[in-house]
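Note sheet for the following structure.
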Amino acid sequence: MRNHVNKVLKKQINLWVPKETPCRHWILIFTFLLAILSNRTGLNTNVMSRVALMLAISERQSFEISPWQSLTLDWAKTPNGRYYSNKAPGPSLLATPLFAVLYKPIYWGLKHLYPEPKRFNTAWNNALSFIMWLISFTFQIVPFVWVISRLAIVLEEHFVSRGGILFFIFAAMFGNTGCFYMNCFHGHGYAMVFSLAGIFYLLKKNWVLLGLFLGGGVLGDYSSALLIPIILVWVLTMEPSKGCGRVYWALGKGLVFPLIVFAFYHWSSFGGILTLPQKYQNPIFVDPSTDYKTFGVLSLLPKADVLYQLLFGPYRGVLLTQPYILLLSILLPMSCFLEILHRAKASDKSMIGLISVVFFCGLLWMNAGFNGWHGGSAPGPRYLVSVFPIMAFSGALLWNTISRAAQIVLWGTLLFSVAFFAVVLTVGATPPETQTLRFFYTGVFKNLNEYPQFLPRLGLVVLTFGWGGVMEKRRSLTAKKHG
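Position 430 of the sequence shown, counted from 1, bears residue number 429 in numbering that gives the first Met the number 0, the numbering being contiguous throughout.
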């Protein structure tokens, strides 16, 4: 019986992350760490806003969260006095069937087991934390790892060197602060999955699935809408003029379902198919000044000081958290333009790099015009993370054309990012917007008694990375022996 279970489990893992996947052990290490090391954001107001929507759909077949409004600050109140989640609905809509199956029997079981309210509340919070972890694992970690493994195979098919493939996996998984949110239901994991899957199907030229994932991305992260016009322009420049109509038609077929869902949800909740919850935002998040004229939270023009903070600042700066991204934002368009100069036309690989940088700039523009640009308690610029894995993949696609010196600098900055992410993961907590990253994380080392989980978690991270390094060395020695 045990052997049968092991065989079935091994078969499922091989279907999920195929044996032929290059650097497979690093992908499985990532999965293991994210599954084991939960973060301390827990059932915060962001997560509970999504829980409230799932409860509303499960209990009342409605999008209105008024009965559960007290669970969260992240709500929008419409003129008729009804409360709705202020989050993009995609993650909650996707997870509701599983949530409903798990929630009802566990809730009523605990209700009968613990009739005393205080004990029940403690037990229910623990159970809800487990449910949300399982949902995050199922709908964020599992598909993210699936996409990463397929893209690693794509890189190998494009004859990218081992170093380039390793760069992609380390950058997308271990050098990306967005992955801190993979095992909690903030929606960033969902956004990264859908944007990266879109790039995968763009390379495969599966236009219907590309459209589906682009539209699904918008359902989970409104700023992902920026990727749609970028892709449409790319099709216009890369596909022969006579083939554009066919491609646009296929893209439209993929987009239609998620856009219908988008329109129905926003019309039902906020009265218009394009009316976003930010129009009826909780007043505590609204800036009363005239700086943010759109719903009191957005400005059409970016703020220069916020732009500086996002790129270089001590609170959420890309330079201090993922410096390799800044290097890629220069190298990728440069590579594309040089190719155009020499060949009169850029390849698909170069254009994907340019797409990622344009997307990055668009997200920067939007975030720099948002009064909550810092993302509250966060280990980095969390509203930019959906583009980071795409940029990592773009850099890996062009790895063989990048100079040796540039590769060394990229690896140096990436290893810094990996070290920072390891600290964030082991601490399991994030600084509030009022504290710099350095102040918060050095404070952890000075007050380890407040973080009793830090040393055991650090030991687990060191051991797993050490095992990965040993596996990598063994693979290198085997390759030399047979090479």
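Built from N, CA and C at the ideal position, the CB exists for glycine as well.
Using the DSSP secondary-structure output, state which residues sit across from Trp-74 in a beta bridge.
-> Paired residues: Ser-84.
Considering only the beta carbon of each residue, do Leu-33 and Asn-125 sit closer than 7 Å?
-> no
Sufficient close CB pairs (3 or more, under 8 Å) joining the region 145-154 to the region 349-362 | no
Pull up the DSSP beta-bridge partners for Phe-369, would you.
-> DSSP output for Phe-369 lists Leu-297 as bridge partner(s).
Rank Ser-135, Val-246, Ala-345, Pro-228 by C-alpha distance to the C-alpha of Val-192 and give the top, closest one.
-> Nearest option by C-alpha distance: Ser-135.
Closer than 8 Å by C-beta to Ile-26: which residues in its own chain qualify, once you throw out the five before and the five after it? Chain order, please.
-> Val-16, Thr-20, Val-144, Ile-147, Ser-148, Ala-151, Ile-168, Met-172
Who are Gln-280's beta bridge partners in DSSP?
-> Ala-75
Just checking my contact of Val-296 with Gln-280 at CB under 8 Å: how many whole Å lie between their CB atoms?
-> So it is a contact: roughly 6 Å between Cβ atoms.
Can you tell me where the alpha helix (DSSP H) with Tyr-323 in it begins and where it stops?
-> 322-342
Under three-state DSSP, which class holds Lys-203?
-> coil
Taking one C-beta from the region 394-406 and one from the region 153-163 each time, how about it: are there three or more such pairs within less than 8 Å?
-> yes
Beta-carbon proximity of Ala-395 to Leu-154, cut-off 7 Å = yes
Nearest-angstrom Cα distance between Ala-568 and Ala-303?
-> The first residue shown for the chain is 0 and the last is 482, placing residue 568 beyond what the model contains.
Secondary structure of Tyr-382, DSSP reduced to three states = In this structure, Tyr-382 counts as helix in the three-state DSSP scheme.
Which of helix, strand or coil DSSP assigns to Val-426 = helix
Per DSSP, what kind of secondary structure is Ser-194 in: helix, strand or coil?
-> helix
Would you check whether the ligand NAP has a heavy atom nearer than 6 Å to the C-beta of Ala-170?
-> This structure does not include the ligand NAP; it has no bound ligands of any sort.
In three-state terms, what does DSSP make of Ser-61?
-> coil
Within 10 angstroms of the Cβ of His-111, are there 16 or more other Cβ atoms? Answer buried if so, exposed if not.
-> exposed
Given 8 Å, three or more beta-carbon pairs between the region 314-334 and the region 385-395 = yes
Within 7 Å (strictly less), CB to CB, does Ser-48 reach chain C?
-> In the structure shown, chain C does not exist; there is a single protein chain.
Which two residues bound the contiguous alpha helix (DSSP H) that contains Asn-124?
-> 116-135
Whole beta strand (DSSP E) runs in the region 11-41 with 3 or more residues, listed along the chain?
-> none
Whole-angstrom distance between Pro-104 and Thr-71, CA atom to CA atom = 24 Å
First and last residue of the alpha helix (DSSP H) that includes Glu-449?
-> No alpha helix (DSSP H) holds Glu-449; DSSP gives it neither H nor E.
Enclosing alpha helix (DSSP H) for Asp-304 [first to last residue] = Looking at the DSSP string, the run of the alpha helix (DSSP H) that includes Asp-304 is 303-311.
For Thr-412 versus Tyr-323, is the C-beta spacing smaller than 7 Å?
-> Yes, Cβ-Cβ distance for Thr-412 and Tyr-323 is below 7 Å.
So, Tyr-200 versus Leu-208, is the Cβ gap smaller than 7 Å?
-> yes
Length of the line joining the Cα atoms of Leu-218 and Met-390 | 22 Å
Determine the DSSP secondary structure at Cys-360, reduced to helix, strand or coil.
-> helix
Examine the Cβ distances between the region 41-52 and the region 84-98 and report whether three or more of them are shorter than 8 Å.
-> yes
Status (buried if at least 16 other CB within 10 Å, exposed otherwise) for Pro-455 = The C-beta of Pro-455 has fewer than 16 other C-beta atoms within 10 Å across all chains shown, which makes the residue exposed.
In this structure, does DSSP put Arg-456 in helix, strand or coil?
-> helix
When the Cα of Thr-274 is compared with those of Pro-287, Thr-293, Val-285, which residue comes out closest?
-> Per the Cα distances, Thr-293.
Cβ-Cβ separation, Trp-206 to Gly-253 (assumed contact under 8 Å), whole Å = 7 Å
What is the DSSP secondary structure of Cys-178, reduced to helix, strand or coil?
-> helix
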